[in-house]
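Trainee: Residue numbers (the working numbering): 78 to 136.
1. How is residue 103 classed by DSSP in three states: helix, strand or coil?
2. What number of angstroms, rounded off, separates the C-alpha of residue 108 from the C-alpha of residue 118?
3. Express the C-alpha separation of residue 114 and residue 96 in angstroms, rounding to a whole number.
4. Quick one: residues in its chain with C-beta nearer than 6 angstroms to the C-beta of residue 94, no 5 flanking neighbours on either side, listed in chain order?
Here it is as structure tokens:
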């Protein structure tokens, strides 16, 4: 179960980082959006894995 939670969290983080990077590159019109997108992606990945771990413990 622990490996599944880690894989889901990392996947959410990667997808969120890509999406936020694209959004911030277009909005800011600068390459600084990549760093912001990666930071937000990491935070979404961590929170996503915590949410899925909470759901697994409830079952």
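Cβ atoms here follow ideal geometry from the backbone N, Cα and C, with glycine treated the same way.
Mentor: Looking at the atomic coordinates:
1. Of the three classes helix, strand and coil, the one that applies to residue 103 here is helix, per DSSP.
2. The straight-line gap from Cα to Cα measures roughly 16 angstroms.
3. One alpha carbon belongs to residue 96, the other to residue 114, and they sit about 7 angstroms apart.
4. Spatial neighbours of residue 94 in its own chain (CB-CB distance under 6 angstroms, excluding positions within 5 residues in sequence) are listed in chain order as 114, 115 and 118.
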